[in-house]
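Counting from 607, one number per residue, gives the positions in the sequence shown under our numbering. We put the CB at the ideal spot given by N, CA and C, even for glycine. In what follows, a single structure is set out as structure tokens and then discussed.
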Amino acid sequence: MQKIGSSSYAPPEDFLRKLAEKMRLKEGEEAIRRVLREIHHRGKVGTKDIARATRLPTPVTAAIRRELEKAGLVARKGGAILTVTGKEFVEVVLGMVAKTKETNDSQEIAPEYEPILEKIREASSRRPNANPKLDQTHATPETALRRALYMLDGGNLAGRNVLFLGDDDLVSVAAGLLRVTKGITVVDIDGRLLETIMGVSKEEGLSIQCVLHDLREPLPESLRGAFDTFLTDPPYTIPGLELFISRGIQALRWRKTSIAYMAYPDKPPLEMLKAHGTLNWMGLYVDEIIPRFNIYLGAEILANTTSMFRLVVTGEARPVITGPFQGGIYTGELKPTIRVYRCRCGKAIVVGSSTGFTTIEELKAGGCPKCRRREGFRLSEKQRAD
607 MQKIGSSSYA PPEDFLRKLA EKMRLKEGEE AIRRVLREIH HRGKVGTKDI ARATRLPTPV
667 TAAIRRELEK AGLVARKGGA ILTVTGKEFV EVVLGMVAKT KETNDSQEIA PEYEPILEKI
727 REASSRRPNA NPKLDQTHAT PETALRRALY MLDGGNLAGR NVLFLGDDDL VSVAAGLLRV
787 TKGITVVDID GRLLETIMGV SKEEGLSIQC VLHDLREPLP ESLRGAFDTF LTDPPYTIPG
847 LELFISRGIQ ALRWRKTSIA YMAYPDKPPL EMLKAHGTLN WMGLYVDEII PRFNIYLGAE
907 ILANTTSMFR LVVTGEARPV ITGPFQGGIY TGELKPTIRV YRCRCGKAIV VGSSTGFTTI
967 EELKAGGCPK CRRREGFRLS EKQRAD
């Protein structure tokens, strides 16, 4: 392996990929990146500690460290440390930043991120009303920031090209305001939402690329194989899960040990078994689940919360949907329901796909047919439309 000089670098993906190929690493190039990241964060660290932190076998960690020493990126001085060249490589080329405070199941935001959180709150106040037909339910600004910090803490934001498949929660804005990514792209079917994101991006100089696209149509060629990671909060149906994850797999540069993120609710055991089975069938496995990570505004049916999934994409990952998708993916399409709301005036109002009001939001906007009141509706009955 040719040493990397301080004045000239090969593209990082080429160096990491070629080193992984030379070593025949089953864990792929991401394993090398994780080792470099741990050394960068710790300053000086022993091989066993690196192995524990990266969850790599100790012999594999030792072998990676030796190859990095040969390349002039790492030296041993009472533990592994980055050389001057190595430090410049991981910071300038790989875009790594100082270690962030870990994001776990706590809902607290560290004080240093409060200025960013205020900007996300302001952006959230400008986003359009959620469209229930698209299974939209807005997450809180705090959730958007915590998702971005979770990706950053996992090494999947700094120096990365990041794709958001649907983003009515404005996580792209939160990620952009951290100012560590190589690039951010949002794909969404809702043009209203993209206008909001583009407006904030222009004001803050975030350079977020927005693509108006229905994911039921094939992923645009320009987005295929272009990203290091993706995050999605898909429709909470199996077809929706299959479709959004398929498009995400297609968008990844390298599938072997790449990381993806997904928000998904708790469902009955057999439905969760099917969701996990679908992910496994597509060549991904669940590496971590943080319950109650995501908090939503007004999603009473989900108890206002969903879990955060960290997914590992294996070398066997394949999209199960590559062409156009003709079926239903949204909850209202697959499980149409009729709800009867009762106004304070006593009027019973039927809400559903085949009625005058398709959503409770439409009822609130139009008002009670009898008294014109726009609030205070109580759900009194719910049943399947079929």
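Nearest to residue 670 by alpha-carbon distance, out of 754, 771, 878 and 632, is 632. When only Cα atoms are considered, residue 750 and residue 777 end up about 5 Å apart.
Counting only runs of at least 3 residues, the stretch 676–707 fully encloses the following beta strand (DSSP E) elements, listed from N- to C-terminal order: 680–682 and 686–688. In the three-state scheme derived from DSSP, where H, G and I count as helix and E and B as strand, residue 856 is classed as helix. With respect to residue 983, residue 949 sits close: the two C-beta atoms are nearer than 8 Å. For residue 789, the enclosing beta strand (DSSP E) stretches over residues 789–794. In the DSSP assignment, residue 627 is bridged to no other residue. Membership of residue 747 in the alpha helix (DSSP H) is indicated by the continuous run 747–759. With fewer than 16 neighbouring CB atoms inside 10 Å of its own CB, residue 831 falls in the exposed class.
Excluding five sequence positions before and after residue 895, the CB atoms of its chain that fall closer than 6 Å to its own CB belong to 913 and 915, given in chain order.
Taken in chain order, the unbroken stretches of beta strand (DSSP E) that lie wholly in the stretch 879–929 and span 3 residues or more are 890–901 and 911–919. The alpha-carbon separation between residue 921 and residue 980 amounts to approximately 53 Å.
Three or more beta-carbon pairs separated by less than 8 Å link the stretch 624–640 to the stretch 665–682, which places the two stretches in contact.
Put simply, of 739, 729 and 859 the residue whose alpha carbon is nearest the alpha carbon of residue 968 is 739. In this model, residue 910 and residue 748 are separated by some 14 Å (Cα to Cα). Spanning the alpha carbons of residue 647 and residue 691 requires a straight line of approximately 16 Å. Separation of residue 845 and residue 745 (C-alpha to C-alpha, rounded to the nearest whole angstrom) is 22 Å. Under the criterion of beta carbons closer than 8 Å, residue 733 and residue 791 do not qualify as touching, at roughly 18 Å.
DSSP, read as helix, strand or coil, puts residue 955 in strand. DSSP places residue 645 in the helix class (H, G or I) of the three-state scheme. Distance from the Cα of residue 822 is smallest, within the candidate group 931, 882 and 688, for 931. In the structure shown, residue 829 adopts helical secondary structure according to DSSP, grouped into three states. In the structure shown, residue 659 adopts helical secondary structure according to DSSP, grouped into three states.
Here the alpha carbon of residue 682 sits roughly 36 Å from the alpha carbon of residue 717. By the 16-neighbour rule on beta-carbons within 10 angstroms, residue 620 is exposed. Taking C-beta atoms under 8 Å as the contact rule, residue 847 and residue 884 qualify, at a distance of about 6 Å.
Check the Cα spacing between residue 917 and each of 757, 805, 779 and 694: the tightest is with 757.
Counting along the chain, no beta strand (DSSP E) covers residue 715, and no H or E run does either. The criterion of a C-beta distance shorter than 8 Å is satisfied by residue 673 and residue 625. A straight line joining the alpha-carbon of residue 956 with that of residue 941 spans about 17 Å. For the pair residue 841 and residue 852, the Cα-to-Cα distance works out to about 13 Å. Counting the other CB atoms within 10 Å of its CB gives residue 862 a total of 16 or more, which places it among the buried residues. In its chain, beyond the 5 residues on either side, 643, 646, 696, 764 and 765 have a beta carbon closer than 7 Å to the beta carbon of residue 702. Of the candidates 966, 946 and 820, 820 places its Cα closest to the Cα of residue 935. In this structure, the CA atom of residue 892 is about 25 Å from the CA atom of residue 789.
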